[in-house]
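Read the structure below first, then the notes.
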Amino acid sequence: MLGTAILLSLVTVIAAVDYNGPLFMIHRPLVTGAMTGIVLGDFTQGMIIGATLELMWLGVTGIGGYTPPDTITGAIVGTAFGIMSGKGVTAGVAIAVPVAVVTQQLDVLAKTADIYFVNKADKAADRGDISRIGLYHYASLFIIVLFKVVPVFLAIMLGGDYVESLFKAIPEVVMTGLSVAGGIMPAIGFGMLLNMMLKKICGCSYLLGLFVLLLAICQQLELL
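Here it is as structure tokens:
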């Protein structure tokens with residue numbers, strides 16, 4: 004179990020760095036679910052659970068000061084326990100949604116702690132110390148990654164029985180509320196994205212792109 008916990012922690016590190024850096028989409032549930040499946044020896048089930056979570060969280064994104072549910076930790080832990088319990092997607096989604104919502108608060112806490120490094124970087128910038136600015140940025144990234152790795156490592160080490168008993172201790176009304184919240188998150192995310200896009204030049208570009216897409220579809224269907 005220790006080896007599995009370490010490997011899944013490594014997957015978490017890769018995903019967290021990608022989300023806060025190059026954005027190669029490695030952090031998406033589809034990819035992290037597949038990587039988790041590889042670690043646990045069930046790539047197919049990992050892909051299935053990851054794809055389901057991807058559809059659920061397709062519109063979940065951070066806009067402005069909003070911190071979205073921690074889909075990285077949720078997807079990895081949910082997929083892992085979905086495979087380990089043998090219950091597949093049902094267990095994966097049931098665990099992933101509340102985990103993502105709970106660890107969302109850890110993400111907020113990590114970013115709050117990173118304010119310290121932002122202030123240090125500002126002072127380094129005033130001095131013109133470029134190397135220190137980079138050092139403080141990497142230090143802040145370390146804090147964010149750490150707050151994602153620890154929950155994943157502990158969840159795998161403690162095992163499915165402990166996690167299951169923990170969720171049973173949570174009142175049903177709370178679990179229902181978390182499930183409903185997780186279900187409407189994509190709609191909220193898409194609504195926020197459209198709110199940004201449907202403005203002046205962005206809105207015109209969006210409508211133009213939609214028109215071109217419809218034109219291409221009609222040509223493919225030989226309607227024109």
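Counting from 4, one number per residue, gives the positions in the sequence shown under our numbering.
Just so you know, even glycine gets a beta-carbon here, dropped at the ideal spot from N, CA and C.
Quick caveat: nothing in here was measured; it's all calculated off a predicted structure.
Query	Result
7 Å CB neighbourhood of GLU57 in its chain, flanking five on each side removed	ARG31, PRO32, LEU33
Alpha-carbon spacing of GLY91 relative to ALA54, whole angstroms	12 Å
Rounded C-alpha distance that separates ILE29 from THR39	12 Å
Inter-stretch contact at 8 Å, needing at least 3 Cβ pairs: the stretch 105–115 / the stretch 70–84	yes
Contact under 8 Å by Cβ, VAL42 with THR7	yes
GLY208, buried or exposed, once every other Cβ within 10 Å from all chains shown has been counted against 16	According to the sequence displayed, residue 208 carries Ser and not Gly. With fewer than 16 other Cβ atoms within 10 Å, it is exposed.
Local Cβ density within 10 Å of SER143, reported as buried at 16 or more and exposed below that	buried
Buried or exposed by the 16-neighbour rule on C-beta atoms within 10 Å, applied to ASP117	buried
Contact check, ILE147 vs LEU11, beta carbons under 8 Å	no
CA nearest to the CA of TYR141, picked from GLY24, MET4, ILE9	GLY24
First through last residue of the alpha helix (DSSP H) which encompasses MET160	133–161
Backbone secondary structure at PHE120 - three-state DSSP	helix
Beta-carbon gap between ILE86 and GLY49 smaller than 8 Å	yes
Assigned secondary structure, LEU43 (DSSP; H/G/I helix, E/B strand, else coil)	coil
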